Amino acid sequence: MNMQETISAVLKNSTTLIYLAGLTAIFFILFGENYVLSDDYSLLPLREIDDSAFQMSLRRIHEDLQEGKLRRLFMTNDYGYGAIFWFSHGVITFVPYLLSSDHYVILLPRLLSLFFAFASLFFIYKIARLYTDKIYLCVAAALIYALQPEFAFMSLRFHTHAQLLFFSILGMYLLLRSSDFASLFKWSIVSFACAIATKMNAIILLPGVALYLYLISQLSILDFIKKYWKPALAGILLALFLFNPAIVLFFIFPKKALKAIETLIKFMHFAGINYGSVLNELPWHKIKNGLFIRYSGVFTLILPVVVALTGLVKYRTERAKGAFLLAFSLTFLLCIIIFSITVKQGPGAYANYLIPLSAIFCFSVLAFDLISPRWDVLWVAVLLSALFFFNAERNDERWHYYTDKLEEEANVLKMQDYQLIAERFGTDDQPIIVLNDYTILVPFSSLSEHVKRHAFYNNFANFTADYDIVIIGKNNPITWPEEQIKENYVNYQPYLDGAEAYKELVSTQTLNGHHYDIALENERFVLYEKSDLPAQQTDKLLD
133 MNMQETISAV LKNSTTLIYL AGLTAIFFIL FGENYVLSDD YSLLPLREID
183 DSAFQMSLRR IHEDLQEGKL RRLFMTNDYG YGAIFWFSHG VITFVPYLLS
233 SDHYVILLPR LLSLFFAFAS LFFIYKIARL YTDKIYLCVA AALIYALQPE
283 FAFMSLRFHT HAQLLFFSIL GMYLLLRSSD FASLFKWSIV SFACAIATKM
333 NAIILLPGVA LYLYLISQLS ILDFIKKYWK PALAGILLAL FLFNPAIVLF
383 FIFPKKALKA IETLIKFMHF AGINYGSVLN ELPWHKIKNG LFIRYSGVFT
433 LILPVVVALT GLVKYRTERA KGAFLLAFSL TFLLCIIIFS ITVKQGPGAY
483 ANYLIPLSAI FCFSVLAFDL ISPRWDVLWV AVLLSALFFF NAERNDERWH
533 YYTDKLEEEA NVLKMQDYQL IAERFGTDDQ PIIVLNDYTI LVPFSSLSEH
583 VKRHAFYNNF ANFTADYDIV IIGKNNPITW PEEQIKENYV NYQPYLDGAE
633 AYKELVSTQT LNGHHYDIAL ENERFVLYEK SDLPAQQTDK LLD
């Protein structure tokens with residue numbers, strides 16, 4: 133080995149170690165964030181509404197399991213997510229629940245998200261290894277995804293995102309391997325079914341799967357359908373079974389099956405209201421705005437194009453590998469176009485839709501092995517640096533999302549303020565009942581001993597409980613002028629309903645027939661206290 137080859141080998145090995153060190157550092161940073169903010173239920177709202185809401189669902193599962201009722205474990209579809217999601221989280225948290233360990237009931241779902249996220253990085257690496265023997269390129273592919281803002285976000289949340297990502301990428305890996313090992317094709321079907329059963333938007337994987345199989349089959353369309361209709365049907369039935377067994381076993385559990393379908397339809401409707409329907413008529417004249425103005429650093433547009441071109445080149449010499457890159461990158465690009473011009477809530481919303489396909493842009497590093505094998509170390513380093521700085525602002529927001537929020541006095545009521553409220557009105561025998569705008573971070577949860585908390589976002593007009601305190605954020609959509617609501621939301625009726633109730637509360641200080649007084653106010657929130665409670669000592673709540 134001459135001097136040049138020695139230097140090149142040292143550089144490549146050093147690069148691999150640096151990338152691995154980066155991934156290790158990311159893991160421990162995210163693990164630390166999860167561990168620190170999982171002490172007890174009072175901290176749940178500091179991670180917004182999902183952790184609080186999902187923990188309430190877990191509590192119902194745990195209570196049923198404790199009574200020997202197993203049905204809820206297999207047939208829960210809260211928030212439109214599949215039973216496989218609730219099953220896995222219900223099982224891993226049941227023992228800590230029995231031991232009254234709130235810390236681990238909160239922590240384990242977040243650590244499971246972290247595990248699924250890093251397991252996904254491992255299979256991104258494994259897929260890249262099928263294309264190249266250069267370890268640093270494969271590790272770089274995983275690092276590309278780990279540097280995305282949404283990766284940190286999904287790793288810190290009790291949510292479906294990381295589990296959805298894992299089964300999607302595992303299915304892709306098994307599908308790509310199945311060209312040489314036919315038995316793996318069945319397992320890829322199982323993995324894709326698990327992804328769909330976790331969250332139904334994983335169906336966006338199916339066009340990529342179909343296109344890949346068609347490109348490698350060299351069959352006519354009719355023969356292609358004849359060959360694959362049976363495994364396709366088996367996969368659909370398996371996905372439905374894992375989503376809720378009652379759907380497939382309709383004649384045994386007709387009521388449960390109908391309830392599961394109704395739950396899914398209801399939350400699809402909510403998604404259409406909050407994010408805009410992906411089934412809207414496509415306004416093609418907005419493509420420029422959709423792709424190049426509204427698009428953000430969540431996913432980089434140019435990388436899937438590079439992957440598609442790499443797949444096209446590979447397809448000539450390695451049909452299966454080229455077809456994989458080509459099929460899934462084209463599906464990803466198509467979904468970008470559709471979501472960016474139809475989803476009204478912005479890039480974060482359609483990033484959620486794109487999670488099942490999102491790993492495909494990581495394989496853009498394979499292009500460097502084709503076009504510049506001697507300088508690929510340099511070009512990959514440049515790409516990673518560019519992505520890091522391109523996403524720096526949103527990475528800072530996501531990586532320190534929760535700890536920074538604690539320090540922003542404009543966005544969160546001081547902890548002692550809420551403690552005073554809870555001590556003043558809440559007891560074990562008679563906790564206070566709070567209607568809480570979830571856009572405001574508050575340090576108590578629905579599972580607190582002294583507080584029964586109900587959260588709302590776009591509409592509290594339909595809440596009928598006898599609330600002691602109502603807390604409203606001034607940046608909530610219901611507080612906007614009617615024209616602003618119409619401008620920002622296509623289906624704005626729920627927002628207007630909530631806005632009408634808000635106007636009534638402001639003008640008459642009544643809600644559902646009860647009179648309220650303003651107890652505390654600043655630039656970001658208004659806290660209303662039911663007037664038949666003892667007089668609030670406002671001076672103690674204010675600095």
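Heads up, the sequence shown is in our numbering, so the first residue is 133 and it goes up one at a time.
For glycine and all other residues, C-beta sits at the position ideal for the given N, C-alpha and C.
Since this is a predicted model, take the numbers as computed values, not measurements.
Alpha-carbon to alpha-carbon, residue j and residue i
i: residue 458; j: residue 400; result: 30 Å
i: residue 514; j: residue 318; result: 39 Å
i: residue 600; j: residue 630; result: 19 Å
i: residue 603; j: residue 660; result: 6 Å
i: residue 328; j: residue 373; result: 11 Å
i: residue 218; j: residue 494; result: 29 Å
i: residue 239; j: residue 485; result: 26 Å
i: residue 620; j: residue 382; result: 41 Å
i: residue 198; j: residue 377; result: 22 Å
i: residue 516; j: residue 151; result: 10 Å
i: residue 267; j: residue 563; result: 58 Å
i: residue 149; j: residue 165; result: 24 Å
i: residue 385; j: residue 442; result: 49 Å
i: residue 535; j: residue 611; result: Here residue 535 scores only 48 on pLDDT, less than 50, and its place in the model is too uncertain to base an answer on.
i: residue 342; j: residue 310; result: 14 Å
i: residue 270; j: residue 518; result: 18 Å
i: residue 362; j: residue 368; result: 10 Å
i: residue 187; j: residue 353; result: 47 Å
i: residue 340; j: residue 242; result: 30 Å
i: residue 315; j: residue 337; result: 20 Å
i: residue 332; j: residue 451; result: 30 Å
i: residue 145; j: residue 505; result: 15 Å
i: residue 325; j: residue 185; result: 26 Å
Delimiting residues of the alpha helix (DSSP H) encompassing residue i
i: residue 590; result: Premise fails: residue 590 is in no alpha helix (DSSP H) and is neither H nor E.
i: residue 649; result: Careful: residue 649 lies outside any alpha helix (DSSP H), inside the beta strand (DSSP E) at 646 to 653.
i: residue 462; result: 451 to 474
i: residue 630; result: 625 to 640
i: residue 605; result: Where residue 605 is concerned, there is no enclosing alpha helix (DSSP H), although the beta strand (DSSP E) it sits in stretches over 601 to 605.
i: residue 266; result: First-last for residue 266: undefined, no H or E at that position.
i: residue 693; result: One cannot answer for residue 693 here, as it falls past the ends of the chain, which runs 133 to 675.
i: residue 282; result: 281 to 287
i: residue 331; result: Run containing residue 331: none; DSSP gives neither H nor E here.
Whether residue i touches residue j by CB criterion (8 Å)
i: residue 499; j: residue 438; result: yes
i: residue 262; j: residue 202; result: no
i: residue 128; j: residue 224; result: With the chain covering only 133 through 675, there is no way to say anything about residue 128.
i: residue 489; j: residue 463; result: yes
i: residue 259; j: residue 305; result: yes
i: residue 487; j: residue 297; result: yes
i: residue 252; j: residue 162; result: no
i: residue 379; j: residue 364; result: no
i: residue 172; j: residue 290; result: no
i: residue 445; j: residue 502; result: yes
i: residue 256; j: residue 491; result: yes
i: residue 299; j: residue 330; result: yes
i: residue 572; j: residue 605; result: yes
i: residue 440; j: residue 465; result: yes
i: residue 637; j: residue 627; result: no
Residue i: first and last residue of the uninterrupted beta strand (DSSP E) it sits in
i: residue 620; result: That residue, residue 620, is in no beta strand (DSSP E); its alpha helix (DSSP H) goes 614 to 620.
i: residue 227; result: No beta strand (DSSP E) contains residue 227, which is instead part of the alpha helix (DSSP H) from 226 to 230.
i: residue 569; result: 564 to 569
i: residue 206; result: Note, residue 206: premise wrong, no beta strand (DSSP E); alpha helix (DSSP H) at 203 to 207.
Candidates the options, of which the one nearest residue i by Cα
i: residue 366; options: 646, 349, 321 and 191; result: 321
i: residue 643; options: 189, 588 and 597; result: 597
i: residue 284; options: 158, 470 and 510; result: 158
i: residue 449; options: 652, 492, 360 and 348; result: 348
i: residue 335; options: 565, 303, 354 and 358; result: 303
i: residue 657; options: 584, 615, 570 and 641; result: 570
i: residue 200; options: 502, 628, 220 and 226; result: 226
i: residue 633; options: 353, 588 and 519; result: 588
i: residue 294; options: 340, 247, 255 and 272; result: 247
i: residue 454; options: 345, 190 and 645; result: 345
i: residue 160; options: 209, 186, 250 and 221; result: 250
i: residue 645; options: 566, 663 and 145; result: 663
i: residue 176; options: 504, 371, 237 and 625; result: 237
i: residue 591; options: 456, 635, 615 and 332; result: 635
i: residue 625; options: 640, 609 and 639; result: 609
Residue-level contact to chain B via CB, residue i, 8 Å cutoff
i: residue 627; result: Chain labels in this structure do not include chain B; a single protein chain is all it has.
Contact test: residue i Cβ vs the ligand GDP heavy atom, cutoff 7 Å
i: residue 253; result: Summarising the ligand content, the structure contains no ligands, and the ligand GDP is consequently not present.
Is the segment 268 to 276 touching the segment 227 to 246 in the sense that three or more CB pairs, one from each, lie closer than 8 Å?
no
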